[in-house]
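Residue numbers (UniProt numbering): 24 to 199.
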Ligand code: GDP
Ligand code: MG
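Here is the structure:
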């Protein structure tokens, strides 16, 4: 085992518009900008997170674009990834279908599968806009050995918890 703080190559996957870049910006800068520009290709950010245990995890975050025309590039980002956050928008059925597609794609490379976390974002939206139930998402996560968390990049709800969840699993992987 190499020395130094644990590193985590984290890739964010999911339909365009679900809030991947907003989640990264909320975590790394503590802000939410409703007029943020659309990601082209992929954006890279380095971010160090200190856990309550004192362990610092160095994240190398690849925030992918999500548009279907970039889909063939995705393996460049998820191959060799330590963790993958598959993000959907809880108000968009289509984005949940896209998330299922990414889950299936990552499962196909089971031997070197990253830690997978399903993320339902935009929980701040009014309940009547909700299109994907927590139960449906939790079931997808359960049946694919993924973690599940619901977030709002807008209010910041659970965003730190998402990154801590990943960091904790990377710093101290559960016994296999
Ligand atoms: P990406 O394409 O997945 O990177 O999505 P963006 O981060 O660019 O966000 C797409 C749109 O959704 C933007 O207009 C954001 O302001 C908005 N958005 C992102 N996260 C949230 C959220 O948690 N709640 C709400 N209400 N809007 C969000
Ligand atoms: Mg983006």
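Quick reminder that beta carbons are idealized off the backbone N, C-alpha and C, glycines included. Note that the coordinates shown come from a computational prediction; the quantities given were computed from them, not determined experimentally.
Taking 9 angstroms as the cut-off, the beta carbon of residue 122 is found closer than this to the beta carbon of residue 109. Within its own chain, the residues whose Cβ lies closer than 7 angstroms to the Cβ of residue 161, once the five positions on either side in sequence are excluded, are 171, listed in chain order. Annotation for residue 111: the continuous beta strand (DSSP E) segment containing it runs 106-112. The ligand MG never approaches residue 168 closely enough for any of its heavy atoms to be under 8 angstroms from the residue's Cβ. Residue 86 is classed as buried because its beta carbon has at least 16 other beta carbons within 10 Å across all chains shown. Bridge partners of residue 181 according to DSSP: none are assigned. Burial state of residue 158 is exposed, judged by a 10 Å Cβ sphere holding fewer than 16 other Cβ atoms. Within its own chain, the residues whose Cβ lies closer than 8 angstroms to the Cβ of residue 126, once the five positions on either side in sequence are excluded, are 109, 139, 141, 163, 167, 169, listed in chain order. Taking 8 angstroms as the cut-off, one finds no heavy atom of the ligand GDP near enough to the beta carbon of residue 190.
According to the DSSP assignment, residue 101 belongs to the alpha helix (DSSP H) that extends over 97-101.
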